[in-house]
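Here our numbering runs 4 ahead of the position in the sequence shown, where the first position is 1.
Quick notes on the structure that follows.
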Amino acid sequence: MTVLEKLTILSDAAKYDAACTSSGSSRTAAPGSLGNATACGICHSFSADGRCISLLKVLLSNSCVYNCQYCVNRVTRDTPRATFTPEELAELTIGFYRRNYIEGLFLSSGILRNPDYTCEQMIRTLELLRNRYRFGGYIHAKAIPGADPRLIERLGMLADRMSVNIELPSQEGLRLLAPDKSKVSILRPMGYISGRIEENRHDLAVYRHTPRFAPAGQSTQMIIGATPDSDKQIISLAEGLYKKYGLKRVFYSAYMPVTENALLPPPGTKPPLLREHRLYQADWLLRFYGFQANELLDDAHPDLNPLVDPKCGWALRHMEFFPIEVNRAPYEMLLRVPGIGVRSAKRILIARRAGKLDFAALKKLGVVLKRAQYFLTCSGKMIPGLRVTPESAMRALAEPEGLALMRDSSEQLSFFSAAPALSHGKENSHEPPPSLLA
Ligand code: SF4
């Protein structure tokens, strides 16, 4: 098999992995080496299906001894197999880099023989790139669950970012669909990487030239819609991973049915892309807006509302906190108003030192009044003439994606009827009409 044939198979097999963003590394290359991993030296673009293509995103091998039911590379699937030698892959990467096709490498692999052997092959590839070709560009390497910690350590010294995919949000999902994996086998390397990153940070504070371990941190990916797990389970797990392992990112990847299995959505089912989008929005609220997972979703509302973004959904369910007075509200509360982002909240704090703010001033500060007007007063007054009913407010706040979903639904839905199911095997409950200006 030629290298080009291998590349065709192995780059296609890698496209289902979403955890490949390349931002966040500040490691500079040694003098005389090729490439540079500084944030400004890496740019990324996304293909039509949303996958990152600025890196050479490829598997070392799509042969795998495991049998994860949701995966195109599982051992029982009849599909063409290919495996690069480390020399082939290193040469290919550097050739593409020199031609300016790519800025870095995203390397993953099926489990060849066993996790240790696979990890050794990946290390060999990265050693060739770093040492023989003096490649200083960005490398994201998948840590292989079950590999010896000494191998994970070596891989982390060669890569910029590492990731261990958690894949399914629950132990039950793993048991049913990925019987060779377990929560422990996934969380152990994640814990090891997190500990080493922390240790390395301390060492660097004392010894400036300490070799760096995974300087761009670690990330993970969860598949959405392959199992009946609720958004509440997914977001709570993501929150736990951020807190416990200091992850840079959790990626959510809408499941694309690639296989027939009674436990999975049938081929032809649309990937739940809107749900994926809502989860990214909720994730953003956890990381930058001070929300807790249990505020966004609870047992009464286990799934995100497809019609409105998660911040609007939270605000409409908690009208007891609103309207807030924009000239007095603390920063944390301003951040919770739909239509006010981190930047506009900071601008409000600065601007109100100079005098009272009105709605015209808020607009100039970048507040999206179309959304914020239902939740704010300026000097005790709402926008003059604003007549609000729950239906009209929800209609104003509903996003085009959610409305399109409603239009596509076979049933005629009202804004406050049950929302259509977003994915295989689960109904999405919708909150009752909010009492907006009680
Ligand atoms: S271990 Fe990875 S490559 Fe192998 S079947 Fe499971 S998900 Fe696919």
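Note that beta-carbon positions come from the ideal geometry of N, C-alpha and C, so glycine has one too.
Around the beta carbon of V62, 16 or more other beta carbons sit within 10 angstroms, so the residue counts as buried.
For A86, the CB stays at least 8 Å from every heavy atom of ligand 1.
Taking a 10 Å sphere around the C-beta of R102, we find fewer than 16 other C-beta atoms and assign the residue as exposed. Beta-bridge partners of K146 (DSSP): S167.
In the structure shown, C68 falls within a coil segment according to DSSP collapsed to helix, strand and coil. Nearest neighbour of E157 by Cα position, chosen from R332, P219, E176 and R321, turns out to be P219.
Within the same chain, L60 come within 8 Å of Y105 by CB-CB distance, once the 5 residues on both sides are set aside. Distance between C68 and P84, taken at the CA atoms: about 12 Å.
When the beta-carbon positions are compared, G229 and R279 come within less than 9 Å of each other. The DSSP-derived three-state label of R138 is coil. According to the DSSP assignment, R253 belongs to the beta strand (DSSP E) that extends over R253 to A258.
R179 has its CB no nearer than 8 Å to any heavy atom of ligand 1.
In this structure G343 is buried. Its beta-carbon is surrounded by 16 or more other beta-carbon atoms within 10 angstroms.
With a threshold of 16 other beta carbon atoms within 10 Å, K10 meets it and is buried. Beta-carbon to beta-carbon, E131 and V7 are separated by about 19 Å, too far to satisfy the 8 Å threshold. DSSP places F292 inside the alpha helix (DSSP H), whose first and last residues are L277 to F292. The C-beta separation of G221 from I238 comes to about 21 Å, leaving the pair out of contact by the 8 Å criterion. Annotated as distal: S65 and F100, with beta-carbon spacing of 9 Å or more. A heavy atom of ligand 1 is found nearer than 8 Å to the CB of C75. Restricted to the stretch 206-264, the beta strand (DSSP E) segments that are unbroken, complete and at least 3 residues in length are 222-228 and 253-258, listed in chain order.
For L311, there is no enclosing alpha helix (DSSP H), since its DSSP letter is neither H nor E.
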